[in-house]
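Residues 6 to 209 in our numbering are what the sequence shown spells out, letter by letter.
Using N, Cα and C, we set each Cβ at its ideal position, and we do this for glycine too.
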Amino acid sequence: MATRKLSISSPDEDQQYSSRNVAVSIDGYDGDTQFNTSDSWITDSPLIPRRSALSTAVLRGKLYAVGGYVGGGFLNTLVVYFPKQNSWKLVSCMNLGRSGAGIAVGWKLKLESTSAAGFNSMFLETSDTWITVSPLIHRRSALSAAVLFEKLCVVRGYDGGGFLNTVEEYFREQDCRVLISSMNLGRNGAGFAVDWKPATGLKK
Numbered sequence: 006m007a008t009r010k011l012s013i014s015s016p017d018e019d020q021q022y023s024s025r026n027v028a029v030s031i032d033g034y035d036g037d038t039q040f041n042t043s044d045s046w047i048t049d050s051p052l053i054p055r056r057s058a059l060s061t062a063v064l065r066g067k068l069y070a071v072g073g074y075v076g077g078g079f080l081n082t083l084v085v086y087f088p089k090q091n092s093w094k095l096v097s098c099m100n101l102g103r104s105g106a107g108i109a110v111g112w113k114l115k116l117e118s119t120s121a122a123g124f125n126s127m128f129l130e131t132s133d134t135w136i137t138v139s140p141l142i143h144r145r146s147a148l149s150a151a152v153l154f155e156k157l158c159v160v161r162g163y164d165g166g167g168f169l170n171t172v173e174e175y176f177r178e179q180d181c182r183v184l185i186s187s188m189n190l191g192r193n194g195a196g197f198a199v200d201w202k203p204a205t206g207l208k209k
């Protein structure tokens, strides 16, 4: 049985607007081997500056932390955590500071972050640059995002007047968005995930 570590960001209970990177082994299946939990937490290199309301995603074994709020201002930074070196590196900054952004990783889309003003940014890992893409149809904050079949799906959120129940899909090649079936209730900060199903022919 092999073990794997999942890097996440977690608030520090002793400090306001703080965040530390921690790692934990989890159950799962990687296509070749099963792995199980070690039921333990370890503290890694701290994220500087400390912040709240950041967004995180894992891409190619590295943890990306985007934006956040610190001491009265919104951050536009993108920092990357390298597990082997136990260190953070600052990479390209976004055009605007933002917190509570939706972020998702796609096979080709890399990272996407959406601001409350509706401006969407896409991070291209190979060139270490951000590009601006088509804005949301309904501007929102505290949204949730995930990539399904290479389309970015954005759900729910808060538009300044109420909680949204709308769902939008983004098509990269056409750089456009469409509304699909709305959810039954409006809310913000909802959990949103895409289920992964093993392809046929994988080793067991």
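- Residue 90 and residue 142 have their C-alpha atoms some 41 angstroms from each other.
- Residue 159 carries a strand assignment under DSSP once its states are collapsed to helix, strand and coil.
- Looking at the backbone, the Cα of residue 76 and that of residue 56 are separated by about 8 angstroms.
- If you draw a 10 Å sphere on the C-beta of residue 198, you find fewer than 16 other C-beta atoms in it, and that means exposed.
- Secondary structure note for residue 92: its beta strand (DSSP E) is the uninterrupted segment 92-96.
- Residue state for residue 154 is assigned as coil, using DSSP reduced to three classes.
- Cβ contact annotation for residue 185 (same chain, cutoff 7 angstroms, sequence separation greater than five): 172, 174, in chain order.
- Per DSSP, reduced to three states, the secondary structure at residue 185 is strand.
- It is roughly 40 angstroms from the alpha-carbon of residue 136 to the alpha-carbon of residue 44.
- In the DSSP assignment, the residues bridged to residue 67 are 64.
- Per DSSP, reduced to three states, the secondary structure at residue 131 is coil, with no helix or strand assignment.
- For residue 87, the uninterrupted beta strand (DSSP E) run begins and ends at 83-87, by DSSP.
- Going by beta carbons, residue 146 and residue 170 fall outside the 7 angstroms limit.
- Shown here, residue 110 sits in a strand according to DSSP, grouped into three states.
- Closest in C-alpha terms to residue 183, from the list 149, 46, 108, 140, comes 140.
- When C-alpha distances from residue 52 are compared across 103, 73, 179, the shortest belongs to 73.
- Annotation for residue 54: 75 place their beta carbon closer than 7 angstroms to its own, counting only its chain and skipping 5 residues before and after.
- The beta carbons of residue 138 and residue 150 sit no closer together than 7 angstroms.
- With contacts defined as CB atoms closer than 7 angstroms, residue 148 and residue 196 fail to qualify as a contacting pair.
- The beta-bridge partner set that DSSP reports for residue 137 consists of 126.
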